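Engineer:
In our numbering, the protein residues as written are 589 to 832.
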């Protein structure tokens, strides 16, 4: 498949009704107006990250200032955004930068050849007025959803997936049984997209995966995420109730 054409070839009629402004991260429906970001909704079910307090605590142990640590976190976030953009450009056969950990992505794509169906696909649910953007759908062997992560918070030093939260903190409300960690944040994010695709687009996803890249890893890591369908239904029901 011509990489430049697969997004157009698989265009959905619903795409005509949603607009995503990337810089302020705002989704707008042509009839319903502003829609809430699924990622931000999930974040609201977990305690806010107290950047200044955590930076002060960690900086003492590392022997640096909190400001230096926060600057480093922001730099790592920038590198993650940059890698994400370069992967997208690669999949679209556009110019891209292969520095940093892009070699890990190249290893992944060599060992797991992809036939992309859509990338950076904005989807939505009218009933709950929720929208989000899928990194990649791949229909090579079966219907797979992929999310690219440049993160060290998913794999421990022994190569195991981190499924527990720091200090055993948990989610809030209908997600109070889920550990407050990256693994479950991303599982909820992907599960929401999977549910919306089935409900509104008639697309069945067989599995959701994270492809993890980071300089601390010897190579990429693949993490299969659980489908938290009941949790997604509970969150969306709470959102939908606001509009009845």
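The beta carbon of each residue, even a glycine, is placed where N, CA and C say it ideally should be. Remember, it's a predicted structure, so these values are computed and weren't measured experimentally.
Please confirm whether residue 753 and residue 820 have their CB atoms less than 8 Å apart.
Structural biologist: No, Cβ-Cβ distance for residue 753 and residue 820 is not below 8 Å.
Engineer: Let's test the definition: count the other Cβ atoms within 10 Å of the Cβ of residue 604 and tell me whether it reaches 16, buried, or not, exposed.
Structural biologist: With fewer than 16 Cβ atoms within 10 Å of its Cβ, residue 604 is classed as exposed.
Engineer: When the Cα atoms are used, what is the spatial distance from residue 788 to residue 658?
Structural biologist: If I take the Cα positions, the gap works out to 40 Å.
Engineer: Do you know how far the Cα of residue 806 is from the Cα of residue 715?
Structural biologist: Going from the Cα of residue 715 to the Cα of residue 806 covers about 44 Å.
Engineer: Can you give me the C-alpha to C-alpha distance between residue 826 and residue 681, rounded to a whole angstrom?
Structural biologist: C-alpha separation (whole angstroms): 41 Å.
Engineer: Which same chain residues end up closer than 8 Å to residue 721 when comparing Cβ atoms and leaving out the 5 residues on each side of it in sequence?
Structural biologist: Here the set comprises 608, 708, 709, 710 and 711.
Engineer: Is residue 632 buried or exposed, if buried means 16 or more other CB atoms sit within 10 Å of its CB?
Structural biologist: Label assigned to residue 632: exposed.
Engineer: Use the C-beta contact count for residue 747: other C-beta atoms within 10 angstroms, 16 or more gives buried, fewer gives exposed.
Structural biologist: Flag for residue 747 reads exposed.
Engineer: With a cut-off of 8 Å on the beta carbons, I'd call residue 744 and residue 734 a contact; round off their distance for me.
Structural biologist: With a Cβ gap of about 22 Å, residue 744 and residue 734 do not count as contacting.
Engineer: Looking only at its chain, what residues have a beta carbon closer than 7 Å to the beta carbon of residue 775, apart from the 5 residues adjacent to it on each side?
Structural biologist: Answer for residue 775: 813, 814 and 816, listed in chain order.
Engineer: Is the distance from the Cβ of residue 797 to the Cβ of residue 810 below 8 Å?
Structural biologist: Contact flag set, yes.
Engineer: Report the rounded CA-to-CA distance for residue 600 versus residue 622, giving the unit in angstroms.
Structural biologist: Rounded to the nearest angstrom, the two C-alpha atoms are 20 Å apart.
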